[in-house]
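With this note's numbering applied, the sequence shown covers 10 to 185. Report on the following structure.
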Amino acid sequence: MSSSDESGYRFRFSGALAGALLLTALAGCQVRPLYSEGATGATATSLASIEISEADDRVEQEVRNALIFLASGGKGEPVNPQYHLALKVSHRTMGVLYDQARDRAGAGRIVVKADYNLTRTATGETVASGNRSAVALVDFPEQEFAKIRAARDGETRAARELAELISADIAAALGR
């Protein structure tokens, strides 16, 4: 056997070994689709058994309603919840483009923030907690009613986005 034959065998053996090691490493991964239709199996069951605290204002109610819909798939809150989600939402409107000649903001941003804490109902153990925020950009027209409506629509958009962020955090925590 010549030395070139030995190096060929050695190259094939090391390639096969590297491939086997790669497959072994990948076998331990939990691969989940990035754009899936939502939680499945035990995670979906756990999400559907979350009770969410009562809301204090309209924006918090928007976040709460969106979370209930995302968690249960539109079925409403559970009768016998296994988890309780304490939710505290705050929001504020800020002018970004300010017209000094007319003393008014032409565009702005609405920031909705939430602090949340998910606990097991039976034990009181904290499963997940954190804070998230979402931003919606708005244009403020000259008419007063249109300005109020633009701010309200921006709050609603930011609240729904915030609910999706919180829902993803909770699903990840329950999926572990």
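Glycine included, C-beta positions come from ideal geometry on N, C-alpha and C.
Legend entry - Minimum C-alpha distance to D148 - residue among L96, A167, G163: Position 139 of the sequence shown holds residue 148. Ranking L96, A167, G163 by Cα distance to D148 puts G163 first.
Inset, instruction - Would you identify the three-state DSSP class for K6, choosing helix, strand or coil? - result: No answer is possible for residue 6: the residues shown for the chain start at 10 and end at 185.
Legend entry - Coarse secondary structure for A25, derived from DSSP in three states: On the sequence shown, residue 25 is found 16 positions in, with the first residue counted as 1. Residue state, collapsed to three classes: helix.
Inset, instruction - Following the continuous alpha helix (DSSP H) through R185, name the residue where it begins and the one where it ends. - result: Position 176 of the sequence shown holds residue 185. Premise fails: R185 is in no alpha helix (DSSP H) and is neither H nor E.
Legend entry - Per-residue burial, R129 [other beta carbons within 10 Å of its own, 16 or more giving buried]: As a working mapping, residue 129 is identified with position 120 in the sequence shown. When all chains shown are included, R129 counts as exposed.
Inset, instruction - Mind checking who K122 pairs with in its DSSP beta bridge? - result: Residue 122 sits at position 113 when you count from the first residue of the sequence shown. Answer is S99, S142.
Legend entry - Outcome for R73 when other beta-carbon atoms lying within 10 angstroms are tallied against a minimum of 16: Reading the sequence shown from its first residue, position 64 is the one you call residue 73. Counting Cβ neighbours within 10 Å, R73 comes out buried, since at least 16 surround it.
Inset, instruction - Note down the Cα distance separating F154 from T135, rounded to an integer number of angstroms. - result: The residue labelled residue 154 in the question sits at position 145 within the sequence shown. The residue labelled residue 135 in the question sits at position 126 within the sequence shown. For F154 and T135, the distance between alpha carbons rounds to 43 Å.
Legend entry - Beta-carbon proximity of A177 to A143, cut-off 8 Å: Stepping through the sequence shown from its first residue, residue 177 is reached at position 168. Stepping through the sequence shown from its first residue, residue 143 is reached at position 134. It is not a contact, given that the beta carbons lie outside the stated cut-off.
Inset, instruction - Output the boundary residues of the beta strand (DSSP E) element that contains E60. - result: Within the sequence shown, the letter at position 51 stands for residue 60. 59–61 is the span of the beta strand (DSSP E), which, as asked, contains E60.
Legend entry - Exposure label - A3; buried when at least 16 CB within 10 Å: Since the first and last residues shown for the chain are 10 and 185, residue 3 lies out of range.
Inset, instruction - Select from S138, P90, L183 the residue whose C-alpha is nearest the C-alpha of A123. - result: Counting from 1 along the sequence shown, the entry for residue 123 is found at position 114. It is S138.
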